[in-house]
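Peer 1: Numbering-wise, the sequence shown is residues 11 to 562 according to this note's numbering.
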Amino acid sequence: METLGQDLGTMRRVPLADAHVAAIRAIGAEQRYSAGAIVMDIGEPMDRFIYVITGEIEVADPRSGERMLPSSLGPTQFLGEIGFLNGGTNIMRMRAAVDTTVIEAPRQAMLTLMSQVPELSDHLITVFAARRRAQFDARNDTIKVIGADRDPQVQAVERFLSRNRIPFQSYDMDATDRETAAMCSLIGHEPAVILAADTPLADPTPRKVAQYLGLDLDICSQRTYDLLIVGGGPAGVAAAVYAGSEGIEALVIEDTAIGGQAGTSSRIENYMGFPTGISGTDLTFRGQVQAMKFGTRFILPRRVEALSRREDGAFCVTLDGDGSGGEAGGDQLCARALLVATGVQYRRLPIDRLEELEGAGVFYSATEMEARFCGSSDVVVIGGGNSAGQAAMFLSRAAAHVHLVVRGSSLAASMSSYLSQRLEADPRVTIHYHSQVTALHGEKWLEAVTLRTGGNADDSQQRIAARALFIMIGAEPNTDWLSGLAEVDEKGFVLTGAAAGRESPFETGTSGIFAVGDVRSGSVKRVASAVGEGSVVVSTIWTYLDGLRQTA
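(1) Just how far apart, CA to CA, sit Ser427 and Leu130?
(2) Measure the alpha-carbon distance for Ser539 versus Thr122 and round it to whole angstroms.
(3) Which two residues bound the contiguous alpha helix (DSSP H) that contains Met124?
(4) Measuring CB to CB, does Ala345 end up less than 9 Å from Asp187?
(5) For Lys154, list the residues DSSP reports as bridge partners.
(6) Is the beta carbon of Val155 less than 9 Å from the beta carbon of Leu134?
(7) From Val24, Ala408, Val137, Gln118, pick the residue whose C-alpha is nearest to that of Pro55; which is it?
(8) Ser531 and Ala496 look like a contact to me (Cβ under 8 Å); what is the Cβ gap, rounded to whole Å?
(9) Quick check on DSSP: helix, strand or coil for His451?
(10) Hey, how far is the Cα of Gly93 from the Cα of Gly198?
(11) Closest by CA to Ser363, which one among Ala449, Ile551, Pro311?
(12) Using alpha carbons as the reference points, say which of Ala47, Phe524, Arg142, Ser549 lies closest to Asp292.
(13) Helix, strand or coil, according to DSSP, for Ala534 in the structure here?
(14) Give the single residue among Ala401, Ala206, Thr215, Gly522 whose Cα lies nearest to the Cα of Val548.
(15) Considering only the beta carbon of each residue, do Gln179 and Arg160 sit closer than 9 Å?
(16) Note down the Cα distance separating Glu315 from Ala249, rounded to an integer number of angstroms.
(17) With respect to the alpha helix (DSSP H) encompassing Ala36, which residues constitute its N-terminal and C-terminal limits?
(18) Can you tell which of Ala212, Thr550, Val526 has its C-alpha closest to the C-alpha of Val504?
(19) Can you tell me which of the three DSSP states Met50 falls into?
(20) Which residues share a DSSP beta bridge with Cys326?
(21) Going by DSSP in three states, His133 sits in which element: helix, strand or coil?
(22) DSSP three-state label for Leu492, please.
(23) Ordered along the chain, which non-local residues of its own chain (more than five positions away) have a Cβ less than 8 Å from that of Phe88?
(24) Contact check, Arg173 vs Gly269 under 8 Å by CB: the rounded distance?
(25) Please determine, among Met183, Val262, Gly243, the residue with the shortest C-alpha to C-alpha distance to Phe308.
(26) When we look at the beta-carbon of Gly393 and count the other beta-carbons within 10 Å, is it buried (16 or more) or exposed?
(27) With contact counted as at least three CB pairs below 8 Å, one residue from each stretch, are the segment 469 to 478 and the segment 385 to 402 in contact?
(28) Go ahead and label Val439 buried or exposed: buried means 16 or more other beta carbons lie within 10 angstroms of its beta carbon, across all protein chains shown.
(29) What is the residue span of the beta strand (DSSP E) that Met104 lies within?
(30) Which value, in whole angstroms, describes the spacing of the CA atoms of Arg22 and Gly46?
(31) Below 8 Å, can you find three or more Cβ-Cβ pairs linking the segment 346 to 353 to the segment 317 to 327?
(32) Under a Cβ-count criterion, where at least 16 other Cβ atoms within 10 Å of its own Cβ denotes burial, should Ala192 be classed as buried or exposed?
(33) What residue ranges within the segment 336 to 422 form continuous alpha helix (DSSP H) runs of no fewer than 4 residues, ordered along the chain?
(34) Hey, could you find the ends of the alpha helix (DSSP H) Tyr428 is sitting in?
(35) Tell me whether Ala70 is buried or exposed, calling it buried when 16 or more other Cβ atoms sit within 10 Å of its Cβ.
(36) Spell out the partners DSSP gives Tyr235 in its beta bridges.
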């Protein structure tokens, strides 16, 4: 299956071309570091590109001071990883192992150079993506998550990091190795998130971690952008790529993780170009990298709570607060055009104690992180669509057995044929037709569910011992924040095209507001369709913006 970047360990080391080095030198300046000096420390913004001329730069452990990785960077190599494109925060201590000379170029000037020299851009981005993959796979990072299986708050942070492909280390509090014991002693044997060397994060939330990483609102809110894209799923990310490539100054706002609902899919096999499959997270991560390459910025996790329109016609969105309870948010961003790509969210089931057990055995996504909690137990997946089917196939590799619960009599109406055939043939999966989960059991963590088969209360019931329940049923659009500025249908999906009295299939009844992907009324709920709509709508947006410029 395709992954988010090449294997750094097997990549052939190719130095930058002399002409590229000369171009970097022209926008930068030489700097010298003595042996032991910190070249870039944890928490610093990645605001400069560093190319090594002579010497050696190593990754230092912030706690012990020892070299963290066996490899280091030498002459003709450069610092950085994907976070450089979005102006993120450095998360590793980089130290000169010997006297070292480098060229340092300002980040913005380097991004401009990359846009002008595609060969240089391709080289850097390939290495950046490979490094991010290596860091993520090796888990050798300064962000430490401890006890995600015991605390839903800590688990939410781990899910945010995992789905956004941000490197972190995860510790099971029951482990007995020396490093885990040291971490547990540091935080008093309670679930926690540790940043940098040994700084526990008080009341950990994804938003606080995002602020530490520079993923939050580190932009000029007084500027009026060309385009605000609300939603970072496949449609929003595709629009971000094409908007950036067309020179549209765009900003993507995402409330959870890049990838949206597609990011919860562990394996997508029917997307063109990936014959061995790709996870929804990795697919959209690649798109995000492409968009950042063209200059599109992303902020997360921020939720849009309201929409308004200024007297000059620009649209302004009001963002949520920081979740601390001390303020009500109010950050505002404005743009000449708005793209609604907020997608949909899985519906909750009307079952007692559901909210209480969310994050403690009840999940709405099936990725590597959730699979860790399954162990050798049975798991239950509710739903008859592709997402539920992909989750069941993926989880069958980690769980003792998977029970797929479907209300209807077959999978044919809502699931791709290749997937339903695999599920029906897999001995590790049992499909329960005409069934529904009616009760949850367990104190602090889910232990079992009650399954009723048939349509009447007196039909057969059974109790299934299961440590995990995955709910993937139906979908509700995220459109409450539109504040009446765009018309929706009776189910809350945004009306566009002929239904809104417009020629463009993606324009709403309000000039300047467009909608694509699953949130659009009448759309085909498939990843490829969402990507296609996000790509195509940009030409209409460009025409609209050009009309504004002509009028001005």
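Built from N, CA and C at the ideal position, the CB exists for glycine as well. In this text the structure is predicted, and so the values were computed from the model without any measurement.
Peer 2: Concretely, from the data shown:
(1) Along the sequence shown, one-based indexing puts residue 427 at 417. Along the sequence shown, one-based indexing puts residue 130 at 120. Approximately 43 Å, taken between the alpha carbons.
(2) Position 529 of the sequence shown holds residue 539. Position 112 of the sequence shown holds residue 122. Take the alpha-carbon of Ser539 and the one of Thr122: they are about 32 Å apart.
(3) By one-based count along the sequence shown, residue 124 stands at place 114. Taken as a continuous stretch (DSSP letters only), the alpha helix (DSSP H) holding Met124 covers 117 to 126.
(4) For this step, residue 345 is matched to residue 335 along the sequence shown. For this step, residue 187 is matched to residue 177 along the sequence shown. For Ala345 and Asp187, no; Cβs fall outside 9 Å.
(5) Residue numbering aside, residue 154 sits at position 144 when the sequence shown is read from its first letter. DSSP, once it has assigned bridges, lists Gln179, Ile204 as partnering Lys154.
(6) Within the sequence shown, the letter at position 145 stands for residue 155. Within the sequence shown, the letter at position 124 stands for residue 134. No.
(7) Indexing the sequence shown from 1 puts residue 55 at position 45. The candidate whose alpha carbon is nearest that of Pro55 is Gln118.
(8) One-based indexing of the sequence shown puts residue 531 at position 521. One-based indexing of the sequence shown puts residue 496 at position 486. Not quite, the Cβ-Cβ distance comes to about 11 Å (not below 8 Å), so this is no contact.
(9) Against the sequence shown, residue 451 aligns to sequence position 441. Reduced to three states, the DSSP call for His451 is strand.
(10) Against the sequence shown, residue 93 aligns to sequence position 83. Against the sequence shown, residue 198 aligns to sequence position 188. Gly93 and Gly198: Cα-Cα distance of roughly 32 Å.
(11) Start at 1 with the first residue of the sequence shown, and residue 363 comes out as number 353. Per the sequence shown, the amino acid found at residue 363 is Arg instead of Ser. Closest in C-alpha terms to Arg363, from the list Ala449, Ile551, Pro311, comes Ala449.
(12) Your numbering for residue 292 matches position 282 in the sequence shown. Nearest option by C-alpha distance: Arg142.
(13) Locating residue 534 in the sequence shown gives position 524, where the first residue counts as 1. It is worth fixing the name first, because residue 534 is Val in this sequence and not Ala. It is coil, neither helix nor strand.
(14) Looking up residue 548 in the sequence shown gives position 538. Ranking Ala401, Ala206, Thr215, Gly522 by Cα distance to Val548 puts Gly522 first.
(15) Against the sequence shown, residue 179 aligns to sequence position 169. Against the sequence shown, residue 160 aligns to sequence position 150. In this structure, Arg160 does not lie closer than 9 Å to Gln179 by Cβ.
(16) By 1-based counting over the sequence shown, the position of residue 315 is 305. By 1-based counting over the sequence shown, the position of residue 249 is 239. Roughly 22 Å between the two C-alpha positions.
(17) Residue 36 sits at position 26 when you count from the first residue of the sequence shown. Segment 28 to 37, the alpha helix (DSSP H) holding Ala36.
(18) Taking the sequence shown and counting its residues from 1, the one referred to as residue 504 is at position 494. The residue with the shortest Cα to Cα distance from Val504 is Val526.
(19) The count along the sequence shown starts at 1 and reaches residue 50 at position 40. Correct three-state label for Met50: strand.
(20) Along the sequence shown, read from residue 1 onward, the residue named residue 326 stands at position 316. Its beta-bridge partners are Ser318, Cys344.
(21) In the sequence shown, counting from the first residue as 1, residue 133 sits at position 123. Three-state DSSP puts His133 in a helix.
(22) Here residue 492 refers to the residue found at position 482 of the sequence shown. Note: Leu492 maps to helix in three-state DSSP.
(23) Counting from 1 along the sequence shown, the entry for residue 88 is found at position 78. So the list reads Leu26, Phe59, Ile60, Tyr61, Val62, Leu134, Val137, once near-sequence residues are dropped.
(24) Here residue 173 corresponds to residue number 163 of the sequence shown, with the count starting at 1. Here residue 269 corresponds to residue number 259 of the sequence shown, with the count starting at 1. So it is a contact: roughly 6 Å between Cβ atoms.
(25) Here residue 308 refers to the residue found at position 298 when the sequence shown is read from its first residue. Ranking Met183, Val262, Gly243 by CA distance to the CA of Phe308 puts Val262 first.
(26) Position 383 of the sequence shown, counted from the start, is the residue given in the question as residue 393. When all chains shown are included, Gly393 counts as buried.
(27) yes
(28) The residue given as residue 439 occupies position 429 in the sequence shown. Burial call: buried.
(29) Here residue 104 is taken as the residue at index 94 of the sequence shown, counted from 1. Start and end: 103 to 106.
(30) For the purposes of this step, residue 22 is taken as residue 12 along the sequence shown, with counting starting at 1. For the purposes of this step, residue 46 is taken as residue 36 along the sequence shown, with counting starting at 1. Rounded to the nearest angstrom, the two C-alpha atoms are 29 Å apart.
(31) yes
(32) Translated into the one-based positions of the sequence shown, residue 192 becomes position 182. Ala192 is exposed by the Cβ-count criterion.
(33) 364 to 367, 378 to 381, 396 to 405
(34) Counting from one through the sequence shown, the residue named residue 428 turns up at place 418. From DSSP, the alpha helix (DSSP H) with Tyr428 extends over 427 to 435.
(35) Residue 70 sits at position 60 when you count from the first residue of the sequence shown. Under this definition Ala70 is a buried residue.
(36) Reading the sequence shown from its first residue, position 225 is the one you call residue 235. For Tyr235, which the question treats as bridged, DSSP gives the partners Ala345.
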